[in-house]
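Peer 1: If you're matching them up, the sequences are chains Y and B in order.
Quick note, the first sequence lines up with residues 0 to 256 if you use numbering that gives the first Met the number 0.
Quick note, the second sequence lines up with residues 0 to 322 if you use numbering that gives the first Met the number 0.
Ideal Cβ placement from N, Cα and C applies to all residues, glycine included.
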Amino acid sequence: MEIIVCIKRVPQTAEVAVKIDSTGKGIEKDRLTFDTNESDTYALEEAVLMKEKFGGNITVISLGDEDTEDTLRIALAKGADNAIRIKAEDFGVLDGFQTSQILQSAIKTLNYDVIFTGCISTDAAYSQIGVTLAELLEIPHASLVVNFDINNERADVQRELEGGLIEHLDISLPALFTIQTGINEPRYASLIKIRRATKKIIKVIGKDELQQDEFISNSTLDELFVPPISKQVEFLTGSVGESSAKLAGIFKEKGLI
Amino acid sequence: MSEIFVLIEHRQEEIRDISFELLTCGRKLAEENSSKLTAVILGFNTEKIVEKIKSEVHRVLIYDNEILKEFNSETYQIVLSYLIAKENPFLFLIGHTAFGMDLCPALATQLKIPFTTDCLNIEISDNKIKVVRQMFDGKLDAKVILRENPSYMLTLRAGSFPATESNLEAEVSNLDSPISEEPDYRKFIEYIEAVAGDVDITKSDIVVGIGRGIKEQDNMTLIEDFAASIGGVVACSRPIVDSDWLPKDRQIGSSGKVIKPKLYIAIGISGAFQHIAGMKGAETIVAINRDANAPIFNEADYGIVDDLFKVIPILKEKILEMK
Ligand SMILES: Cc1cc2nc3c(=O)[nH]c(=O)nc-3n(C[C@H](O)[C@H](O)[C@H](O)COP(=O)(O)OP(=O)(O)OC[C@H]3O[C@@H](n4cnc5c(N)ncnc54)[C@H](O)[C@@H]3O)c2cc1C
Ligand SMILES: Nc1ncnc2c1ncn2[C@@H]1O[C@H](COP(=O)(O)O)[C@@H](O)[C@H]1O
């Protein structure tokens, strides 16, 4: 089975302050750490599990800058066979639709039965690139997949709806699936495997090597701003003892304890 | 300006709340731009749904067919692409839900219509569209301008347009589905209901929510002890369930449970909108987080910016003292 996994290297912004840069359209990156996008680690693990079950080949692909090669190497260490980087430096600022078209122009020349992507990138947060890519490749798709198997050359898929309800589907292959977190338990790459992966070759593709030169954008980012405050929080300050005592006092006052 | 269309989302015979929010948003935009609002309903035995939508819009277009009973984005895409190509609405609005995320990008791409997803706000001027959407773990908002085009498609975040009442009288039309069979490449099999566990977190007056800030499974006892001291149940954000540290029925949020307790304490939870969707109805919300910029503080009544491992043991002591 030929499997392609799209992965993205993203800044880890959940636990730190995010500052808008001087252009007003990007963020200050120098103090941020970068890692594989969360749902993409589950997408990769699902590919490795499928390969272990059915045999085959995994190709990981990412549109990103040179540092992305570190992310791709970790994927190689976890069980991917081939890695492709499409040079983001050959393009300017891209929106989700352009990213989808660029990925498509690279993927359409490859063999695949299954394509996995993450269900959302934590930086752009579109939840659109997987489904758009499927449409551009003219293959069926299912998003937010939490259970995946293959039977009689068709995919047996469960997708997650609101409230924990599951939608059970039967989909022909080739097809694209966007993977939701929790579907599996992503493995860690051992140091030995990471070291071995540093010797593997990452195929780097520039804009000239894609058989397409126009990538239409759907949208342009005009400005970034700090979200307006919807509700004014009262911060309880002081030492841990003081803030905790204040909070316990509030609970008491409200009759909660 | 041509019309604004809203796709009505329903599931298991119920209209989903997002539909009324989409209609509220659509009505506002239609009024501001002297346009008309149309609701599009795909389903089977849709009479009851139509009855509830009639007063919300100027026009209702219905495809009532057994193959449209359950949402199947590939089936819906065939019907909707046919409809949109015929009607050419200016704007087609869909919910940013599991349903909308599966449908919109493919449908808009097929029709070559500029689209974007998860919009919190929409502005139309001179037939151009500007939207606000969030990026970087919800820490920043982005103003985004769509490529100029005669028509657009957007998905709207739940909760962005609180539903309002309306008393319009719609003209209702039943249309013939352009297809009579579900495509072979994607077949709906069934819904699988979530299984109920031992504790129903929606029934408790006090809920203690724990998130990725807890770091390790071994630390969970700290939270269990704390919850016991205040007489609350332990619930959590999604990553805790993804790691199997708590069962799925303890998850708060759009893909988990919606709770409305008297008190909700969010500990080491950043406050992603999918989480907020499940707890913003709590009477009093407290957040304990090391990061003063965490979006959870935008929803909280009281906040402590500190290390949870320092705060929780002491807070537990103070509560026991005051009891
Ligand atoms: C379709 C879809 C549906 C989803 N549904 C849900 C849902 O129903 N419910 C849900 O919760 N999520 C849901 N998510 C996931 C959601 O987007 C977030 O990824 C998730 O809520 C993040 O969980 P978290 O806040 O625990 O983790 P993080 O975002 O990683 O935040 C951890 C927080 O802990 C804080 N912290 C770390 N260490 C400490 C410490 N020592 N002391 C104090 N604070 C500390 C950090 O500052 C940070 O704010 C969904 C996502 C998708 C795409
Ligand atoms: N630059 C990229 N390179 C490779 N894959 C990507 C890229 N951007 C997004 N993706 C994939 O698309 C998914 C959804 O991203 P998004 O639509 O931005 O939320 C991600 O989880 C990745 O799997």
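Check whether the Cβ of Ser254(B) sits closer than 7 Å to any heavy atom of ligand 2, and report yes or no.
Peer 2: Result no, Cβ not under 7 Å from ligand 2.
Peer 1: With three or more beta-carbon pairs closer than 8 Å as the criterion, would you say the segment 184 to 192 of chain B touches the segment 142 to 156 of chain B?
Peer 2: No, because fewer than three Cβ pairs between the segment 184 to 192 of chain B and the segment 142 to 156 of chain B fall closer than 8 Å, the two stretches do not touch.
Peer 1: I'd like to know if Ser142(Y) contacts chain B, where contact means its C-beta is closer than 8 Å to some C-beta of that chain.
Peer 2: It does; some Cβ of chain B falls within 8 Å.
Peer 1: Taking Cβ-Cβ distances below 9 Å as the criterion, which residues of the segment 133 to 145 of chain B are in contact with chain Y?
Peer 2: Within the segment 133 to 145 of chain B, the residues whose Cβ lies closer than 9 Å to some Cβ of chain Y are Gln133, Met134, Phe135, Asp136, Gly137, Lys138, Leu139, Asp140, Ala141, Lys142, Val143, Ile144 and Leu145, listed in chain order.
Peer 1: Starting from the C-beta of Leu82(B), find all residues in its chain whose C-beta is less than 6 Å away, skip the five residues before and the five after it, and write them out in chain order.
Peer 2: Hits under 6 Å: none found.
Peer 1: Could you give the distance in angstroms between the alpha-carbon of Ile215(Y) and the alpha-carbon of Ser33(B)?
Peer 2: Cα to Cα, the separation comes out at about 30 Å.
Peer 1: In chain Y, what lies closer than 8 Å to Ala299(B) by C-beta?
Peer 2: Chain Y residues near Ala299(B): Lys230 and Val232.
Peer 1: What are the start and end residues of the beta strand (DSSP E) that includes Asp66(Y)?
Peer 2: That residue, Asp66(Y), is in no beta strand (DSSP E); it is neither H nor E in DSSP.
Peer 1: Glu267(B) and Ile178(B): beta carbons closer than 8 Å?
Peer 2: Just to set this straight, residue 267(B) is Gly in the shown sequence, not Glu. For Gly267(B) and Ile178(B), no; Cβs fall outside 8 Å.
Peer 1: Using a Cβ cut-off of 8 Å (strictly closer), state whether Met100(B) contacts chain Y.
Peer 2: Judged by the 8 Å Cβ criterion, Met100(B) is in contact with chain Y.
Peer 1: Can you list, in chain order, the residues of its chain with a C-beta nearer than 8 Å to that of Asp16(B)? Leave out the 5 residues immediately preceding and following it.
Peer 2: Excluding residues within five positions, the ones whose Cβ falls inside 8 Å are Ala157 and Ala162.
Peer 1: Just checking Cys118(B) against ligand 1 - is the residue's beta carbon closer than 7 Å to any of the ligand's heavy atoms?
Peer 2: Result no, Cβ not under 7 Å from ligand 1.
Peer 1: With a threshold of 8 Å between beta carbons, is Gln216(B) in contact with chain Y?
Peer 2: So, not an interface residue.
Peer 1: If you draw a straight line from the alpha carbon of Ile284(B) to that of Gln109(B), how long is it in whole angstroms?
Peer 2: Spanning the two alpha carbons is a distance of roughly 44 Å.
Peer 1: Within 10 angstroms of its Cβ, does Met321(B) collect 16 or more other Cβ (buried), or is it exposed?
Peer 2: Answer is exposed; the Cβ neighbour count stays below 16.
Peer 1: Starting from Pro238(B), trace the alpha helix (DSSP H) both ways and give me its first and last residue.
Peer 2: First-last of the alpha helix (DSSP H) with Pro238(B): Arg237 to Asp241.
Peer 1: I want to check one thing, is the minimum distance from the CB of Phe308(B) to the heavy atoms of ligand 4 below 7 Å?
Peer 2: Here the bound small molecules are ligand 1 and ligand 2; ligand 4 is not part of this structure.
Peer 1: So, Lys132(Y) versus Thr116(Y), is the Cβ gap smaller than 8 Å?
Peer 2: One point to set straight first is that residue 132(Y) is Leu, not Lys, in the sequence displayed. Yes; because the gap between Cβ atoms is below 8 Å, this pair is in contact.
Peer 1: When you compare the CB positions of Leu92(B) and Phe4(B), do they come within less than 8 Å of one another, or not?
Peer 2: Contact: yes.
Peer 1: Within 10 angstroms of the Cβ of Leu109(Y), are there 16 or more other Cβ atoms? Answer buried if so, exposed if not.
Peer 2: Exposed, since its Cβ has fewer than 16 Cβ neighbours within 10 Å.
Peer 1: According to a CB-to-CB cut-off of less than 9 Å, which residues of the segment 53 to 67 of chain Y neighbour chain B?
Peer 2: Of all residues in the segment 53 to 67 of chain Y, none has a Cβ within less than 9 Å of some Cβ in chain B.
Peer 1: Could you give the residue range of the alpha helix (DSSP H) that holds His57(B)?
Peer 2: It is not in any alpha helix (DSSP H) - His57(B) carries neither H nor E in the DSSP assignment.
Peer 1: Starting from the beta carbon of Thr96(B), find every residue of chain Y whose beta carbon is closer than 9 Å, and list them in chain order.
Peer 2: Residues of chain Y passing the Cβ test: Leu160 and Glu161.
Peer 1: Could you check what DSSP says for Gly280(B) in three-state terms: helix, strand or coil?
Peer 2: Coil, per DSSP.
Peer 1: Give the secondary structure of Gln76(B) by DSSP, where H, G and I count as helix, E and B as strand, and everything else as coil.
Peer 2: Residue state, collapsed to three classes: helix.
Peer 1: Taking Cβ positions only, does Ala105(B) come closer than 8 Å to chain Y?
Peer 2: Yes, because at least one Cβ of chain Y sits closer than 8 Å to the Cβ of Ala105(B).
Peer 1: Quick check: is the beta carbon of Thr116(B) nearer than 8 Å to any beta carbon in chain Y?
Peer 2: Yes, because at least one Cβ of chain Y sits closer than 8 Å to the Cβ of Thr116(B).
Peer 1: Under DSSP, the beta strand (DSSP E) around Gly117(Y) begins and ends at which residues?
Peer 2: Looking at the DSSP string, the run of the beta strand (DSSP E) that includes Gly117(Y) is Val113 to Gly117.
Peer 1: Residues of chain B with CB closer than 7 Å to the CB of Lys77(Y), please, in chain order.
Peer 2: Correct list: empty, because the minimum Cβ distance to chain B is about 18 Å.
Peer 1: 8 Å is my cut-off, CB to CB: does His90(B) come that close to chain Y?
Peer 2: The residue you asked about is not His; residue 90(B) is Leu in the sequence shown. By this cut-off, Leu90(B) is not an interface position.
Peer 1: Alpha carbons only, please: which of Met219(B), Gly42(B) and Thr23(B) is nearest the one belonging to Glu13(B)?
Peer 2: Per the Cα distances, Gly42(B).
Peer 1: Pull up the DSSP beta-bridge partners for Asn126(B), would you.
Peer 2: Answer is none; Asn126(B) lacks a bridge partner.
Peer 1: Return yes when the Cβ of Val131(B) is within less than 8 Å of the Cβ of Asp125(B), no when it is not.
Peer 2: Not closer than 8 Å, so no.
Peer 1: Within the chosen definition, does the segment 0 to 19 of chain Y reach the segment 204 to 221 of chain Y through at least 3 CB pairs nearer than 8 Å?
Peer 2: These segments do not touch.
Peer 1: Measure the alpha-carbon distance for Lys28(Y) versus Pro10(Y) and round it to whole angstroms.
Peer 2: Looking at the two C-alpha atoms, the distance is approximately 8 Å.
Peer 1: Under three-state DSSP, which class holds Val143(B)?
Peer 2: Three-state DSSP puts Val143(B) in a strand.
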